[in-house]
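Below is one structure, written out as structure tokens; the observations come after it.
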Amino acid sequence: MSGIRLPIELAAASFVAFAAILVLPHVLELFALINATVYVSLAVLALSLALVWGFGGILCFGQAAFFGLGGYSYAVAAINFGDTTYAVPVAIGVPALVAAALGYVMFYGRISDVYMGAITLTLTLILFNFVNSTAGDQWRVGAAPLGGFNGIPSTPPLNLPGDPGNPLPPEWIFAIAVVSLLICYILAKLILRARFGRVIVAIRENERRAELLGYDVRAYKLGIFVIGGAMAGLSGLLFANCVFVSPTMFSLFYSGQIIIWVMVGGLGTLVGPVIGAILLNLLTTWAGTLPEINPSLILGAILVLAVLVMPRGMLPSLATMLGRFRVAGGVT
Amino acid sequence: MTALLATEHLTMRFGGVLAVDDVSLAVADGELRCLIGPNGAGKSTLFKCLTGQIKPSAGRILWRGQDITGLDSFEIARLGVGIKTQVPSLFDGLTVLESVRLALRRQARERAARAQALATLERLGIVELAPRLVALLAHGQRQLVELAMVVAPEPDLIILDEPTAGMSAEETTRAARVIRALNAAHAIIVVEHDMQFIRAIAKTVTVLHQGRVLVEDDVASVLADRRVQDVYLGKADASPRMVA
Ligand SMILES: Nc1ncnc2c1ncn2[C@@H]1O[C@H](COP(=O)(O)OP(=O)(O)O)[C@@H](O)[C@H]1O
Ligand SMILES: [Mg+2]
Chain A
2 MSGIRLPIEL AAASFVAFAA ILVLPHVLEL FALINATVYV SLAVLALSLA
52 LVWGFGGILC FGQAAFFGLG GYSYAVAAIN FGDTTYAVPV AIGVPALVAA
102 ALGYVMFYGR ISDVYMGAIT LTLTLILFNF VNSTAGDQWR VGAAPLGGFN
152 GIPSTPPLNL PGDPGNPLPP EWIFAIAVVS LLICYILAKL ILRARFGRVI
202 VAIRENERRA ELLGYDVRAY KLGIFVIGGA MAGLSGLLFA NCVFVSPTMF
252 SLFYSGQIII WVMVGGLGTL VGPVIGAILL NLLTTWAGTL PEINPSLILG
302 AILVLAVLVM PRGMLPSLAT MLGRFRVAGG VT
Chain B
5 MTALLATEHL TMRFGGVLAV DDVSLAVADG ELRCLIGPNG AGKSTLFKCL
55 TGQIKPSAGR ILWRGQDITG LDSFEIARLG VGIKTQVPSL FDGLTVLESV
105 RLALRRQARE RAARAQALAT LERLGIVELA PRLVALLAHG QRQLVELAMV
155 VAPEPDLIIL DEPTAGMSAE ETTRAARVIR ALNAAHAIIV VEHDMQFIRA
205 IAKTVTVLHQ GRVLVEDDVA SVLADRRVQD VYLGKADASP RMVA
């Protein structure tokens, strides 16, 4: 890979991000802007699985667990502190810690891939059922009631550090979400380019060979899993800022959707899953407005079509097509 | 003098099967040792024990006199052991250069690592493959790329499992030459069952049979040994020993 490509990619991503921040709040109505913020937060979630699955080779069905944990940790901490400043590190730290503990058991216990899928899925289901059953008043963490299936409707929006009296308006939240997505993207790019990321990809390619070369595969997998957990936590925080936290964050609906976004966008790419998440959410929302059509049906049809037409996902297929055009253009 | 790698009463049981049975052997620094035996003799099992892929049921493995029994593969690799598996184990999605660069785990400086990786490819005569994707290489090239990954970090010992599997007679002789050349810089243990190859290597041979060491001697004596002939011609009972 040439040295010039990375700066160009990062500059392009930054340009798109800042254009979105400058333009969208002026052209979108409030409701649409909040929806856009939701999509961006879910794009961060897609990015986290793109790293863990697409590059780390770890098929994690539990990314929604870290997403939900991030949201709930944020809400609980913000309510208790009366200020969101320190709720942010809590929202990222708690899922990262849970990912570290779970990852330690899975990778150091040398659990096979199939069981790994089952374990991560089970964790999500357990959390979903647990949070759903916290309806009574006895279920509270400090000042924050967990609220059972109702969630925590009083989830406070972010405020500027040390200024809890002034919650930020939706335009700000949107900008923060976009910048967060940009930072996560740049971070992911840098991680993959660094030695750590190259070893991660090598492990995905051939775990045993990496081990025979002296790499402690367990430590690398744990590392990428924790990074993915932290990123999913951040996406939960952003999501909590547009809606409010509720048990659906832990639901199979999300666990399944994330995998579809990454698959349709392109496994083994970063931009693909981000675009996949945003496009498929736009589509689901639009399908929801159509009378007498089940949006899930449309999503299902899209998935089947995508897998048939672009088995490697949207981005790699597009790249191949463009490549062909370029070659054809060179000949004529 | 302490051996580079030694086993003491090494035993590996699979249920009732004694795949490796009380094997004690010692390989010196700089040595080239062949480990042979008919199918089912326990060669692959011994290879897996030595490379940390399975943990022996009993006995010890020593590295320069230090007990390393039960270490993981990556820890054994870090001691300075290069391991080549029977079926080439490669990073299909990476380029040849990137693969060899990854083998230089301890070289953190990128520029130096690339130079060293290229030098290794040069030494094996495949430097022109550097930018190629590993998945697209021919079988023989894949073998050489794996060899490049194994020798790049300059290991003290290289362990090869059946390097001539699937090779023609001519390729086998060539492989023997390459391995002898490598021996100038590294101690080598070759697990094999091809007699042609053993003849071409012409070094100390350890013959395994039913999980045990049957003979250990120079190649001429081993080939002349009646027991070895019986084992290879199938006169002796080749079925593995069972636990009483
Ligand atoms: N994982 C295993 N489980 C049970 N038996 C095994 C296993 N691996 C090897 N064996 C048995 O151990 C004996 C030695 O096998 P192996 O080490 O593969 O011999 P070789 O490589 O010399 O052909 C054989 O009888 C084989 O069936
Ligand atoms: Mg074998």
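Residue numbers (my numbering), protein chains in the order written: chain A, 2 to 333; chain B, 5 to 248.
Note that beta-carbon positions come from the ideal geometry of N, C-alpha and C, so glycine has one too.
The structure presented is a predicted model; accordingly, all values stated were derived computationally and were not measured.
- Secondary structure note for Ser28/B: its beta strand (DSSP E) is the uninterrupted segment Val21 to Val31.
- A residue is called buried when at least 16 other Cβ atoms come within 10 angstroms of its Cβ; Thr321/A does not meet this threshold and is exposed.
- Listed along the chain, the chain A residues whose CB falls inside 7 Å of the CB of Leu94/B are Asn207 and Arg210.
- For the segment 187-204 of chain A, the beta-carbon criterion of a distance under 8 Å to any beta-carbon of chain B is satisfied by Arg196, Arg199, Val200, Val202 and Ala203.
- Less than 8 Å separates the beta-carbon of Met117/A from that of Ile59/A.
- For Leu66/B, the CB contacts under 6 Å within the same chain, skipping 5 residues up- and downstream, are Ala10 in chain order.
- Listed in chain order, the non-local C-beta contacts of Ile192/A below 6 Å within the same chain comprise Gly198, local neighbours out to five positions each way being set aside.
- For Val142/A against Val77/A, the beta-carbon gap comes to about 5 Å, under 8 Å, which counts as contact.
- Leu323/A and Ile174/A have their alpha carbons spaced roughly 36 Å apart.
- Listed along the chain, the chain A residues whose CB falls inside 8 Å of the CB of Ser77/B are Arg209, Glu212 and Leu213.
- In this structure Thr6/B is exposed. Its beta-carbon is surrounded by fewer than 16 other beta-carbon atoms within 10 angstroms.
- Per DSSP, the beta-bridge partners of Cys38/B are Val194/B and Val209/B.
- Of all residues in the segment 139-153 of chain B, only Glu150 and Met153 place a beta-carbon less than 9 Å from a beta-carbon of chain A.
- Taking a cut-off of 8 Å for Cβ pairs, the segment 6-26 of chain A and the segment 150-165 of chain A do not touch, as fewer than three such pairs fall below it.
- Arg230/B sits exposed, since fewer than 16 C-beta atoms from the chains shown fall within 10 Å of its C-beta.
- One Cα belongs to Val226/B, the other to Ala112/B, and the distance between them is close to 46 Å.
- Excluding residues up to 5 positions away in sequence, Ile201 and Ile225 lie with their Cβ nearer than 6 Å to the Cβ of Gly57/A in the same chain.
- Contact with chain B is found for Tyr216/A, since one of that chain's Cβ atoms lies less than 8 Å from the residue's Cβ.
- Only residues of its own chain outside the window of five on either side were considered, and among them Phe201, Ala204 and Ile205 have a CB closer than 7 Å to the CB of Ala180/B, listed in chain order.
- Within chain A, the residues placing a beta-carbon under 7 Å from that of Gly97/B are Glu206, ordered along the chain.
- Each residue's CA atom was taken as its position, placing Thr285/A and Ala79/A some 31 Å apart.
- About 5 Å separates the CB atoms of Val138/B and Asp96/B; that is less than 8 Å, so the two are in contact.
- Counting only runs of 4 or more residues that sit fully inside the segment 244-297 of chain A, the alpha helix (DSSP H) segments are 253-266 and 272-290, in chain order.
- Between the alpha carbons of Ala101/A and Leu14/B lies a distance of about 37 Å.
- Look at Ala81/B: its C-beta is under 8 Å from a C-beta on chain A.
- Note that the C-beta distance between Ala66/A and Leu147/A is not below 8 Å.
- When the five nearest sequence neighbours on each side are left out, the beta carbons in the same chain lying within less than 8 Å of the beta carbon of Leu101/B are those of Arg118, Ala121, Leu122, Leu125, Ala134 and Pro135, in order along the chain.
- Bounds of the alpha helix (DSSP H) holding Ile80/B are Ser77 to Gly84.
- When the Cα atoms are used, Leu50/A and Arg210/A turn out to be separated by approximately 24 Å.
- Exclusion of Ser93/B from the 7 Å shell around ligand 2 follows from its C-beta lying no nearer than that to any non-hydrogen atom of the ligand.
- When distances are taken from the beta-carbon of Asn133/A to the heavy atoms of ligand 1, even the shortest one reaches 7 Å or more.
- The beta carbon of Ala97/A is closer than 7 Å to those of Val227, Gly230, Ala231 and Gly234 in its chain, skipping five residues each way along the sequence.
- Under the Cβ distance rule, Ala107/B counts among the residues neighbouring chain A, one pair being separated by less than 8 Å.
- Interface flag for Ile130/B against chain A is unset, since no Cβ pair is found closer than 8 Å.
- Annotation: Cβ neighbours of Ile87/B in chain A (cutoff 8 Å, chain order): Leu213.
- In the three-state reduction of the DSSP assignment, Ile201/A falls in the helix class.
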